[in-house]
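> In the numbering used here, the protein residues as written are 155 to 590.
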Ligand code: CMC
């Protein structure tokens, strides 16, 4: 059978070579340029990986122009409507939706891995009271590698599976402990009888004098629904910056907990997972509705570094399907928790203003998922510096799924990008006292 190919010609030397054109089950065909250097003696340059696939993956598909997001083939809209975060995590990790028994044992196993080693809990005491929770997340999740290393056999799929389960299970416990350290409250242990989101909320907000969940286990259903939905929408997003970081670190065979800590670091930035926190800081900076035109003008000014946080996306160029889903819940949450907080009115006015602005329309800059997630988290009384930590909890499902996928791929190689060197060509060393 003939294989589709792409020819690349060096117009200076006249040399030309053919390369296989790979076609996935969906999406843009991809030229395999693995032998480009061998055949033509050149590399490719693609700053920001705008046109470069770094791996083959079965997990998530995005069509940025059509606003499509599929987890293992299932549209995000269907999962958001019918599924739960743990069910979606099972799907991402295992490739299929679980049946009733499989979901029961998965949930049970996750619950049994939620505890932290007491020595690890002691690590929090080393952080200053005002340490950013993301700084603590990087440190504490990375430190899990000190607890699970010697016995870890990365060749064994069962060892890998348990490592992935541990990370998913412990992330809410670590996240809540980060928050409690910052406010000086004692930690709350996870409860085996609660669901994933309920457990997290209880560990975050319970006080010795005022339990978050009362005897009858009542918890506000809109809060749990919103949290579950945000976790589903943030669970995976194919080869984004943090997932690619996890893959690159893992390609060296490093300890998986350390690799996930690397992913957490990459997620922290305001261009990625830090955007939801940055949206709230931006709204505080704008201050009042009458200042919106001034800030929109700043966002459009090429000489001004100000950008409208929560707008635009590298991949979605028409609309972010996650934003469409979450927008509805955002309004539902604001209705459930009526407030006179002027920030919400400001956010909705900014959304309306930007959506009508020519610059934003022309550049296809629409609110992304994190414009709304920040607003929802604020309404749920999650502190602003915890917003990106919430993203970490959700994205752990994606990170561990990509880690499991790459670790079971026999063709996997160490990631080692090339560069276009632009420094000095060659120069001679000058002794210190002879330098000008
Ligand atoms: N405000 C104003 N102008 C913008 C914005 C914005 N938020 N985003 C992009 N632009 C302009 C940009 O100046 C550029 O203009 P020009 O063509 O004249 O040079 C054009 O739109 C294309 O932008 P880009 O920077 O080349 O696009 P990118 O794909 O490199 O960046 C982005 C994508 C998400 C980093 C960027 O849109 C941004 O900084 N947005 C704000 C931060 C944000 O909300 N990030 C969260 C993304 S969703 C969560 C996640 O998946 O991690």
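Idealized CB from N, CA, C, for every residue including glycine.
Taking buried to mean at least 16 other C-beta atoms within 10 Å of its own C-beta, is residue 556 buried or exposed?
Counting Cβ neighbours within 10 Å, residue 556 comes out buried, since at least 16 surround it.
> When the Cα of residue 360 is compared with those of 426, 384, 336, 330, which residue comes out closest?
Checked all of 426, 384, 336, 330; the closest Cα to residue 360 is 330.
> What residue does the beta strand (DSSP E) around residue 217 start on, and which one ends it?
It spans 214-217 - the beta strand (DSSP E) in which residue 217 sits, taken as one unbroken run.
> Exposed or buried, what is residue 386 when buried is set at 16 or more other beta-carbons lying within 10 Å of its beta-carbon?
Per the 10 Å Cβ criterion, buried.
> Using DSSP with H/G/I as helix, E/B as strand and the rest coil, what is residue 568?
It is coil, neither helix nor strand.
> So, helix, strand or coil for residue 228, using DSSP?
Reduced to three states, the DSSP call for residue 228 is strand.
> According to the Cβ coordinates, are residue 200 and residue 559 closer than 8 Å?
Contact: no.
> Below 8 Å on the Cβ atoms is my guess for residue 568 versus residue 406; work out the distance and round it to an integer in Å.
So it is a contact: roughly 6 Å between Cβ atoms.
> By the three-class DSSP mapping on this structure, what secondary structure does residue 550 have?
Helix at residue 550.
> Is the segment 564-582 close to the segment 458-475, with three or more CB pairs under 8 Å?
With a cut-off of 8 Å, the segment 458-475 and the segment 564-582 do not count as touching, because too few Cβ pairs lie within range.
> Cβ of residue 267 within 7 Å of any heavy atom in the ligand CMC?
It does not: the Cβ of residue 267 is nowhere closer than 7 Å to a heavy atom of the ligand CMC.
> Write down every uninterrupted run of the alpha helix (DSSP H) in the segment 353-411 whose length is 4 residues or greater and which is fully enclosed by it, in chain order.
Here the runs fully enclosed are 375-388, 395-404.
> From residue 396 to residue 588, what does the alpha carbon distance come to, in whole angstroms?
Cα-Cα distance, rounded: 46 Å.
> Going by C-alpha distance, which of 456, 469, 458 is nearest residue 426?
The shortest C-alpha separation from residue 426 is found at 469.
> Would residue 187 pass as an interface residue toward chain B - the criterion being a Cβ-Cβ separation below 8 Å?
No chain B appears in this structure, which consists of one protein chain only.
> Determine contact between the segment 539-547 and the segment 426-446, defined as no fewer than three beta-carbon pairs at a distance below 8 Å.
As far as the Cβ criterion goes, the segment 539-547 touches the segment 426-446, which means the pair count is three or higher.
> Could you pull out every residue in the same chain whose Cβ sits closer than 6 Å to the Cβ of residue 434, ignoring the five residues on either side in sequence?
Answer for residue 434: 528, 538, listed in chain order.
> Between residue 454 and residue 467, what straight-line distance do the alpha-carbon atoms span, to the nearest angstrom?
Cα-Cα distance, rounded: 16 Å.
> Can you tell me where the alpha helix (DSSP H) holding residue 243 begins and where it ends?
Note, residue 243: alpha helix (DSSP H), 239-248.
> Buried or exposed: which applies to residue 372, given that a residue is buried once 16 or more other Cβ atoms fall within 10 Å of its Cβ?
Exposed.
> Which class does residue 162 belong to by DSSP, given the choice of helix, strand or coil?
Strand.
> Return helix, strand or coil for residue 170, following the three-state DSSP convention.
Residue 170 falls in the strand class under three-state DSSP.
> In three-state terms, what does DSSP make of residue 184?
Residue 184 falls in the strand class under three-state DSSP.
> Give the straight-line distance between the Cα atoms of residue 188 and residue 393, rounded to the nearest whole angstrom.
So the two alpha carbons sit approximately 19 Å from each other.
> Any chance the CB of residue 458 is under 7 Å from a heavy atom of the ligand CMC?
Because no heavy atom of the ligand CMC lies under 7 Å away, the Cβ of residue 458 does not count as near it: no.
> Fully enclosed by the segment 412-443, which alpha helix (DSSP H) runs are 4 residues long or longer?
Counting only runs of 4 or more, we get 429-440.
> For a test of your reading of the model: does the CB of residue 329 fall under 7 Å from any non-hydrogen atom of the ligand MG? Yes or no.
Of the ligands one can find in the structure shown, namely the ligand CMC, none is the ligand MG.
> Pull up the DSSP beta-bridge partners for residue 222, would you.
In DSSP, residue 222 forms a bridge with 217.
> Which ranges would you report for the alpha helix (DSSP H) in the segment 268-355 if only whole runs of at least 4 residues count?
Segments of the alpha helix (DSSP H) lying fully in the segment 268-355: 272-275, 287-301, 311-337.
> Among all the DSSP beta bridges, which residues are the ones paired with residue 492?
Per DSSP, none; premise fails for residue 492.
> What does a CB cutoff of less than 8 Å around residue 102 pick up in its chain, not counting 5 residues either side in sequence?
With the chain covering 155 to 590 only, the question about residue 102 has no answer from this structure.
> Taking one C-beta from the segment 289-307 and one from the segment 247-265 each time, how about it: are there three or more such pairs within less than 8 Å?
Result no; under three Cβ-Cβ pairs closer than 8 Å.
> Mind checking whether the beta-carbon of residue 463 lies closer than 7 Å to any heavy atom of the ligand CMC?
Result yes, Cβ under 7 Å from the ligand CMC.
> Taking 8 Å as the cut-off, does the segment 192-206 touch the segment 219-226 (at least 3 CB pairs, one atom from each stretch)?
Judged by Cβ distances under 8 Å, the segment 219-226 makes no contact with the segment 192-206, as fewer than three pairs qualify.
> With 16 as the cutoff for other CB atoms within 10 Å, does residue 230 come out buried or exposed?
Residue 230 is buried by the Cβ-count criterion.
> Less than 7 Å separating the Cβ of residue 217 from some heavy atom of the ligand CMC?
No, the Cβ of residue 217 stays beyond 7 Å of every heavy atom of the ligand CMC.
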